[in-house]
Amino acid sequence: MAEKMPAIMKTKPAYGAELVEVDVPKPGPGEVLIRVLATSICGTDLHIYEWNEWAQSRIKPPQIMGHEVAGEVVEVGPGVEDLQEGDYISAETHIVCGKCYACKHNRYHVCQNTKIFGVDMDGVFATYAIVPAQNAWKNPKDMKPEYAALQEPLGNAVDTVLAGPIAGRSTLITGAGPLGLLGITVAKASGAYPVIVSEPSDFRRKLAKKVGADYVINPFEEDPVEVVMSITDGAGVEVFLEFSGAPKALEQGLKATTPGGRVSLLGLFPRDVTLDFNNLIIFKALEVHGITGRHLWETWYTVSSLIQSGKLNLDPIITHRYKGFDKYEEAFELMRAGKTGKVVFFPKE
Ligand SMILES: NC(=O)c1ccc[n+]([C@@H]2O[C@H](COP(=O)([O-])OP(=O)(O)OC[C@H]3O[C@@H](n4cnc5c(N)ncnc54)[C@H](O)[C@@H]3O)[C@@H](O)[C@H]2O)c1
Ligand SMILES: C[C@@H](O)[C@H](N)C(=O)O
Ligand SMILES: [Zn+2]
Ligand SMILES: [Zn+2]
1 MAEKMPAIMK TKPAYGAELV EVDVPKPGPG EVLIRVLATS ICGTDLHIYE WNEWAQSRIK
61 PPQIMGHEVA GEVVEVGPGV EDLQEGDYIS AETHIVCGKC YACKHNRYHV CQNTKIFGVD
121 MDGVFATYAI VPAQNAWKNP KDMKPEYAAL QEPLGNAVDT VLAGPIAGRS TLITGAGPLG
181 LLGITVAKAS GAYPVIVSEP SDFRRKLAKK VGADYVINPF EEDPVEVVMS ITDGAGVEVF
241 LEFSGAPKAL EQGLKATTPG GRVSLLGLFP RDVTLDFNNL IIFKALEVHG ITGRHLWETW
301 YTVSSLIQSG KLNLDPIITH RYKGFDKYEE AFELMRAGKT GKVVFFPKE
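Going by full-length UniProt numbering, the sequence shown opens with residue 1, and the numbers climb by one from there.
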């Protein structure tokens, strides 16, 4: 095995990142070393790349970026019993404490001491990466590495879409970025109908259609509430899934939801949002869910089974595939410009 490897590293507290050569790490107690087979860019990586306010408050350069991954175990650290060389794994990116009030109630997804790969420690945009054994998820051998790497964000989408009944329910999805696109395919695979998607980008509306959306709306050109009402004969949708983080989309989605309907919110808003709570939520008796991370490990079982069922339409969502990390700047800039779905790197030996 090589002693040095390429890695996309946040080297400085400033815009961008660098492709550097670093030592291949050694797994410590309770850790494994994986050879990275596929790794995809998350919106969080983009925030770190852009060095926005959130990144400035949380990230401590120098640090290898990236957290969505599939890889093969090549070395096992002391004390690891459940994994061995050759295992094909993905990784839950939230490292939870197991000791806090939330963990003790089996709510690991809201552990108050969560640490995240590529955010609070070195990540996976490299040829090799360290994964804590407790975070490893074994994949079936025949799962494509790019699908296996997507399981982490798919878990976010699954928890959003499946937070309540979905089969046969009219559904509005706001935002068809990578997460919203994953949400569309999960909703379709789970029997939602009609799936109506509101997304301002032409490129992403086309992708939404390819993935399976029944109707697409440009919210900057037509009123999504009026369109939803006309599609649903004035009833509004049963299910509203928010994947954009746009305050306007939240308001439109709440207006477009039928009284007594279900609302699941994944998108993160850039600022506090002002809403008419009385008329949009309380008097409509909406069921509102905040969604974060993935349920451990129930969500992973669901995600893995959904992929294996063959019912998810993931290929149109993976719009960019790169061999190696050489073109990482192009990848990040395309993603920043909203000209991608999911971007996947396949590291070279
Ligand atoms: N809660 C969690 O655990 C969690 C995990 C991952 C991501 N997220 C959040 O989920 C959201 C989606 O992630 P992503 O990577 O797909 O982000 P993204 O920024 O790529 O996608 C957001 C999409 O919303 C669209 N949009 C903007 N204004 C809109 C409007 N008014 N109506 C409808 N659509 C609009 C944009 O054009 C874009 O395509 C982000 O806010 C992200 O921070 C949350
Ligand atoms: C860190 C964030 O990007 C990650 N995808 C999560 O689920 O929390
Ligand atoms: Zn992420
Ligand atoms: Zn905890």
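We put the beta carbon where it would ideally sit given N, CA and C, even for glycine.
query = By Cβ distance, which residues of its chain are closer than 6 angstroms to Tyr49, with the 5 residues on each side in sequence left out?
reply = Ala17 and Phe332
ask   = Nearest to Tyr108 by CA position, among Phe117, Cys97, Gly118 and Ile116, is which residue?
value = Cys97
inquiry  = On the CB-based measure, 16 or more other CB atoms within 10 Å of its CB, does His67 come out buried or exposed?
reply    = buried
query = Taking one C-beta from the stretch 244-258 and one from the stretch 275-288 each time, how about it: are there three or more such pairs within less than 8 angstroms?
reply = yes
key: Minimum length 4: unbroken alpha helix (DSSP H) runs contained in the stretch 212-241   = 224-231
key: Coil, strand or helix - Lys255 by DSSP   = helix
inquiry  = Do Ala176 and Ala208 count as a contact pair if the criterion is CB distance below 7 angstroms?
reply    = yes
ask   = Does the Cβ of Thr160 lie closer than 6 angstroms to at least one heavy atom of ligand 3?
value = no
ask   = Between the C-alpha atoms of Ile116 and Ala129, what's the straight-line distance to the nearest angstrom?
value = 14 angstroms
key: Residue nearest to Asp214 in terms of C-alpha spacing, selected from Ala187, Asp87, His289 and Lys4   = Ala187
query = Taking only runs of the beta strand (DSSP E) that begin and end inside the stretch 77-134, which ones reach a length of at least 3 residues, in chain order?
reply = 88-91 and 128-132
Classification of Asn106 by the beta-carbon crowding that lies within 10 angstroms, buried from 16 upward = exposed
task = Excluding the 5 residues preceding and the 5 following Ser309 in the sequence, name in chain order all residues of the same chain whose CB lies nearer than 8 angstroms to its CB.
result = Ala189
ask   = Among the residues of its own chain, which have a CB less than 8 angstroms from the CB of Thr11, if the five just before and after it don't count?
value = Ala17, Glu18, Val20, Pro61 and Pro62
query = Since Asp23 contacts Ile64 with CB under 8 angstroms, what's their CB separation in whole angstroms?
reply = The Cβ separation is near 11 angstroms, so there is no contact.
query = Hey, which unbroken runs of the beta strand (DSSP E) at 3 residues or more fall wholly within the stretch 129-202?
reply = 136-138, 171-174 and 195-198
Neighbouring residues (CB closer than 5 angstroms to any heavy atom of ligand 3) = Cys42 and Thr44
task = Look up Arg294 in the DSSP assignment and say whether it is helix, strand or coil.
result = coil
message = Here's a check: name, in chain order, each residue in its chain whose Cβ is nearer than 6 angstroms to the Cβ of Gly155, leaving out the five neighbours to either side.
response = Arg294, Thr299 and Val303
query = Just to confirm, are Val344 and Met335 a CB contact at a threshold of 7 angstroms?
reply = no
message = Looking at ligand 4, does it come within less than 6 angstroms of Asn113, judged from the CB to the closest heavy atom?
response = yes
ask   = What number of angstroms, rounded off, separates the C-alpha of Cys103 from the C-alpha of Glu226?
value = 43 angstroms
task = Report yes if the CB atom of Tyr88 is closer than 7 angstroms to the CB atom of Lys141, and no otherwise.
result = yes
query = Of the choices Ala249, Val76 and His289, whose alpha-carbon is the least far from that of residue 388?
reply = The requested residue 388 is not part of the displayed model; the chain covers only 1 to 349.
key: Identity of the residues DSSP links to Gly261 by a beta bridge   = DSSP lists no partner for Gly261.
query = Over what stretch of residues does the alpha helix (DSSP H) that includes Ser57 continue unbroken?
reply = Glu53 to Arg58
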